[in-house]
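Engineer: So the mapping is simple: the numbering used here equals the position in the sequence shown, first residue as 1, plus 4.
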Amino acid sequence: MHKINAHRGKIQTVGCTDILGAEPIKRVLEVDQSPIGRTPRSCPATYVGFWTAIRELFASTPEAKLRGYNASRFSFNITGGRCTECLGQGVVRVEMAFLPDVVTLCEVCRGARFNSDTLVVKYNGKTIADVLSMSISEACVFFEPHPKIRYPLQLLCDVGMGYISLGQQSCTLSGGEAQRIKLVTELARSTPKPGIKQPATLYVLDEPTVGLHMADVSNLLKVIHRLVDNGHTVVTIEHNPDVIAEADWIIDLGPEGGDAGGQIVASGSPVELAKKMPKKSYTAKFLSEKFTSAG
Ligand SMILES: [Zn+2]
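1. Using only the alpha-carbon positions, how far apart do LEU136 and ILE82 sit?
2. Closer than 7 Å: is that where the CB of GLY94 sits relative to any heavy atom of ligand 1?
3. Would you grab the beta carbon distance between LEU157 and CYS144 for me? Rounded to a whole angstrom, and I think it's under 8 Å.
4. With respect to the alpha helix (DSSP H) encompassing ALA204, which residues constitute its N-terminal and C-terminal limits?
5. Compare the Cα-Cα distances from ARG193 to each of GLU242, VAL52 and LYS30 and report the closest residue.
6. By Cβ distance, which residues of its chain are closer than 6 Å to SER271, with the 5 residues on each side in sequence left out?
7. Is there at least one non-hydrogen atom of ligand 1 closer than 7 Å to the beta-carbon of CYS161?
8. Could you tell me if ASP162 is buried or exposed, where buried requires 16 or more neighbouring beta carbons within 10 angstroms of its beta carbon?
9. Quick one: what's got a C-beta closer than 8 Å to LEU257's C-beta in the same chain, skipping five residues either side?
10. Just to check my reading of the structure: TRP253 and SER222 have Cβ atoms closer than 8 Å, yes? What is that Cβ distance to the nearest angstrom?
11. What span of residues does the alpha helix (DSSP H) with ARG71 cover, start to end?
12. Among all the DSSP beta bridges, which residues are the ones paired with PHE118?
13. What do you get for SER285, buried or exposed, if any count of 16 or more other CB atoms within 10 angstroms of its CB means buried?
14. Taking just the CA atoms, how far does PHE62 sit from GLY129?
15. Would you mind stating whether SER297 and MET281 have Cβ atoms separated by less than 8 Å?
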């Protein structure tokens with residue numbers, strides 16, 4: 005994700021003389037498909053940022069208080085509560101000369117990542133290791149009474165990520181999954197909170213629906229609409245017709261793909277495009293058929 009300070013000082017434009025009407029936009033964020041966290045220490049729970057609230061919840065249990073455990077005891081990234089054999093990784097990497105590293109399950113914690121004393125503490129019958137191995141949709145139900153934890157989990161479910169486990173290493177996620185996690189992280193931050201004004205942001209998304217099922221595409225659209233409802237702007241590069249039909253404004257590039265494209269063949273709202281049917285625009289043709297069949 006790149007932060008571009010487009011409005012600090014004069015903007016340098018290439019291929020056009022000026023940009024008009026951009027003043028209300030305070031920042032630009034590109035939510036791309038590049039990997040999140042190359043280290044095995046990052047996982048969806050730590051990346052999106054609700055892991056701290058879960059650790060605090062464990063530290064607030066009577067058992068943790070009795071033992072004098074604070075929230076850092078429940079971190080697999082710092083010494084104290086984690087397994088000392090695998091340093092909280094759950095696996096041990098063995099370097100092999102001339103061969104790829106061999107990764108085996110840690111023999112001490114059996115993949116739990118924490119030491120046995122830490123695992124005595126339970127919240128609603130689950131240890132911190134049980135929570136890490138929960139799927140996001142399971143966790144959504146488990147943390148129902150805790151809005152600070154449940155809200156980002158719900159957003160992850162909304163973008164079709166319910167099947168991922170909380171502790172899955174970020175570096176094993178696909179480009180599309182990484183992009184959706186970034187989107188959720190942003191959305192969790194950009195939702196208006198009482199008394200705090202969020203800077204109006206321009207989000208640039210590159211094919212956010214890649215790898216998603218139909219049902220998840222419509223959920224992702226709801227998430228994008230929510231960003232717009234919160235006062236932000238979303239520009240998305242997209243081939244999925246259902247997403248294109250939901251846009252407020254379409255810029256259709258073509259007429260063909262690759263070297264045979266790159267020209268603006270049509271622009272306008274989906275309804276306008278469907279009505280006008282500019283000759284070279286496949287998108288307009290599709291929209292016209294879609295709106296006709298929908299009545
Ligand atoms: Zn271990």
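Even for Gly, the Cβ is constructed at its ideal location relative to N, Cα and C.
Note that this is a predicted model, so its numbers are computed, not measured.
Structural biologist: Taking the geometry as given:
1. 16 Å
2. Indeed, a heavy atom of ligand 1 lies less than 7 Å from the Cβ.
3. 4 Å
4. Per DSSP, ALA204 belongs to no alpha helix (DSSP H) and is neither H nor E.
5. VAL52
6. ILE255
7. no
8. buried
9. GLY265, GLY266, GLN267, ILE268 and VAL269
10. Not a contact, Cβ separation roughly 20 Å.
11. Run containing ARG71: 66-71, per the alpha helix (DSSP H) assignment.
12. ARG86
13. Buried is the call here.
14. 11 Å
15. For SER297 and MET281, no; Cβs fall outside 8 Å.
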